[in-house]
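Engineer:
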Amino acid sequence: MSEHLGSATFVDQPVVVDGNCITSQGPATALEFALTLVEQLAGKGKRRQVAADMLVPV
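Letter by letter, the sequence shown follows residues 469 to 526 in the working numbering.
#1: Which residue's Cα is closest to the Cα of L523: L499, L505 and T504?
#2: Just checking my contact of L430 with V518 at CB under 8 Å: how many whole Å lie between their CB atoms?
#3: Here's a check: name, in chain order, each residue in its chain whose Cβ is nearer than 8 Å to the Cβ of T497, leaving out the five neighbours to either side.
#4: Taking the alpha-carbon positions, what's the T491 to D480 distance?
#5: Could you pull out every residue in the same chain whose Cβ sits closer than 7 Å to the Cβ of V526, ignoring the five residues on either side in sequence?
Here it is in structure tokens:
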């Protein structure tokens, strides 16, 4: 896939934040994607709180 990106840079991470653009690898990364959205909108403390409430190891 990376050969089709042109001048873009492929990053092999489940979730990538690049400025205002947040992407993920697909459905299997939905939880990490959601927690990243929480972090971007409300901060790391809120991300930790939401993760703990969902019983996700922090």
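For every residue, glycine included, the Cβ atom is placed at its ideal position computed from N, Cα and C. Note that the coordinates shown come from a computational prediction; the quantities given were computed from them, not determined experimentally.
Structural biologist: According to the structure data:
#1: When only C-alpha atoms are compared, the closest one is L499.
#2: No answer is possible for residue 430: the residues shown for the chain start at 469 and end at 526.
#3: Result list for T497: P482 and V483, in chain order.
#4: A straight line joining the alpha-carbon of T491 with that of D480 spans about 11 Å.
#5: Within the same chain, Cβ atoms closer than 7 Å to the Cβ of V526 are found at R516, A519 and A520, the five residues on either side in sequence being excluded.
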